[in-house]
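First comes the structure, then the notes that go with it.
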Amino acid sequence: MKKLFLLTTLFMMSALFAQQATNTLEGVFTTKAKDELYNPLKFDGKGRVTIGEFDEVGYEFTERNDSVIIFVEKTVFIFKKEKNQLKGISDWVDKKVYKSNLKSFENKAQSNPKLAQRANWMAQNYDINFKNNASFLFDLDENSLNQKLKENETANAKLCKEGFDESCKVVFAYKFAEQSGGVFETLNAADDIKLKPNKELEQLAQRVIDLGNPDGYGLFYTYYYFTGQKEKAEQFLQKGLDLGSAYCNEISLNSALSEFGEGLQSEVEESED
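Residue numbers (my numbering): 1 to 273.
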């Protein structure tokens with residue numbers, strides 16, 4: 001069960017421009033909806049937004065045309081700009097309206113070159129890894145689906161080479177699946193997977209770290225866990241946790257839940273005996 005949790009977490013990273021993307025939206029947007037978890041939205045004008053009163057780290061966002069896309073864990077929140085409001089049009093925020101004290105939106109370019117590059121990368125990230133992914137998973141036959149996944153891997157590999165850490169994580173997931181028999185085969189046989197040492201996977205995990213993203217330590221954890229080096233895996237996981245890796249936090253939580261579930265199952269089996 002723990003292995004299945006771990007693989008699901010990994011492969012969710014690979015789930016599957018008319019106007020220059022930017023990330024300069026700045027301001028506080030609130031909704032009057034009662035008991036709303038995602039309130040307020042605070043945009044910093046530098047590509048990050050906090051969601052809720054207690055969120056200190058925030059999430060990345062990008063803007064394109066009249067849309068704002070927020071990357072929240074393994075999904076996206078999409079809003080349309082209208083006057084001084086953001087109107088939700090995607091899962092989790094559909095039909096929710098957030099208002100600000102802005103008179104109107106000003107679509108200005110990002111003056112910081114690195115932040116501008118990040119905005120464009122995040123827009124491409126949405127196009128490659130999120131847009132229409134749910135439909136092609138169900139609408140395509142096996143051969144067409146495999147072709148689409150290969151195209152996605154190639155597109156992510158290009159962005160990874162350019163220096164986009166999130167795409168390097170996705171490529172790692174694809175390469176891991178290739179080494180263990182394919183995405184669906186891997187998930188169906190999680191408990192039986194024994195990965196052989198692989199330099200390419202090690203290099204991808206290290207590249208994520210070198211690009212400043214501590215999630216790379218979580219990738220190393222997954223790699224060493226499935227190559228049977230569990231003590232070494234735990235060292236990388238702890239390093240990622242110490243550096244605030246969201247991916248490592250997710251791995252840790254899922255592992256705890258898995259162990260708790262297995263403990264309960266053992267108690268039930270013992271009581272039945």
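Ideal placement from N, C-alpha and C gives every residue a C-beta, glycine not left out. All of these numbers come straight from a predicted model, not from anything done at the bench.
The three-state secondary structure of T50, taken from DSSP, is strand. Residue environment for G52: exposed (fewer than 16 other C-beta atoms within 10 angstroms of its C-beta). Its Cα nearest to that of K103, the residue F29 stands out among L204, F29, E259. Beta-carbon to beta-carbon, E166 and N125 are separated by about 6 Å, close enough to satisfy the 8 Å threshold. Per DSSP, reduced to three states, the secondary structure at E36 is coil, with no helix or strand assignment. Within the same chain, T227 come within 8 Å of P197 by CB-CB distance, once the 5 residues on both sides are set aside. K161 has no beta-bridge partner at all, per DSSP. In the three-state reduction of the DSSP assignment, D215 falls in the helix class. The beta carbon of Q85 lies closer than 7 Å to those of V97, Y98, K99 in the same chain, with the five residues before and after it left out. Annotation for Q85: no alpha helix (DSSP H) segment contains it, though the beta strand (DSSP E) segment containing it runs 85-88.
Scanning D66, P214, V76, L211 for the CA closest to the CA of W92 turns up V76. When secondary structure is reduced to three states using DSSP, V57 falls in the coil class, being assigned neither helix nor strand. In summary, P113 is exposed, with fewer than 16 beta-carbon neighbours lying within 10 Å of its beta-carbon over all protein chains present.
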